[in-house]
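*Asks:* Got a structure for you, questions after.
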Amino acid sequence: MKYIKQLSLVIFGGLLFSCCSQQQARRPISQSSGTFLKESVERNKKLVSVEEAKIDSIIKSNPNGKYIASNKGYWYRYDVKNYQDTIRPKKGDVANFNYEVKDLDGNIIYSELELRPQTYHVDKEQKIMMGLRHGIKLMRKKETVTFLFPSHMGYGYHGDNRRIGHNQPLICTVTLNDFTPENSPNLPPLKQNKPITE
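1063 is the number of the first residue of the sequence shown in my numbering; add one for each residue after it.
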């Protein structure tokens, strides 16, 4: 009996001691040296320089079109300019526009007919490519602008899972049909036209 008491006391003490001890931190099996990130940065720099060289050759081959470099990393030119209006879309406005998407060789990827007129809440939606989100804010009503977007301002590495491949620079010709303030009483009911695509 005395033996069982001593044994149970030792077991209880061992359990109590093992529950109170802290677990040691585990060390990682391998430590990252940062080479992957460095290689990725170099790869992206090279990609951007190749895309910018292609875009530069398009600009130089079209001396009649005066392209403007944006501070966001893309280029644009006005095909139809509106000199009467001074107001441009701002955050919250509802813009109605048509556009066409081409590759840098001028081959149509999505026609204006396929994409249909689009309705977009400026700076409140993420449904269009980054370059268009910025570009629409540069336009006035009834203007047509041609944008040259490097891939990072288009659909980036991923593409659009349909016709636009990964890291594909794009030419977009956009016509801003109209825009209205978000709180306008004349605002038509918002209906989004779905593009007719595969």
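Heads up, the beta-carbon is just placed ideally off N, CA and C, and yes, glycines get one too.
Whole alpha helix (DSSP H) runs in the stretch 1095 to 1148 with 4 or more residues, listed along the chain?
*Replies:* Whole alpha helix (DSSP H) segments, 4+ residues: 1097 to 1123.
*Asks:* Cutting at 8 Å between CB atoms, please list the residues of its own chain near G1168, excluding the five before and the five after it.
*Replies:* I1233
*Asks:* In the structure shown, what three-state DSSP assignment does D1240 receive?
*Replies:* strand
*Asks:* As a quick exercise: from T1235, K1128, N1124, N1239, pick the residue whose alpha carbon is nearest that of C1161.
*Replies:* Here residue 1161 turns out to be Tyr, not Cys, going by the sequence shown. When C-alpha distances from Y1161 are compared across T1235, K1128, N1124, N1239, the shortest belongs to T1235.
*Asks:* Alpha carbon to alpha carbon, what distance is there between K1152 and D1185?
*Replies:* Spanning the two alpha carbons is a distance of roughly 8 Å.
*Asks:* Around the C-beta of S1173, are 16 or more other C-beta atoms found within 10 angstroms, so that it is buried, or is it exposed?
*Replies:* exposed
*Asks:* Would you decide whether V1156 is buried or exposed? Buried here means 16 or more other CB atoms lie within 10 Å of its CB.
*Replies:* buried
*Asks:* Who are the near neighbours of K1204 in its chain, counting only those whose CB is closer than 6 Å to its CB and skipping five residues on each side?
*Replies:* N1144
*Asks:* Considering Cα atoms alone, identify which of R1150, D1240, L1109 is closest to P1212.
*Replies:* L1109
*Asks:* For a test of the three-state rule: what should DSSP assign to E1205, helix, strand or coil?
*Replies:* coil
*Asks:* Among P1243, N1106, T1237, F1241, which has the Cα closest to the Cα of L1175?
*Replies:* T1237
*Asks:* Would you kindly work out how many angstroms separate the C-alpha atoms of K1100 and N1106, rounded to a whole number?
*Replies:* 10 Å
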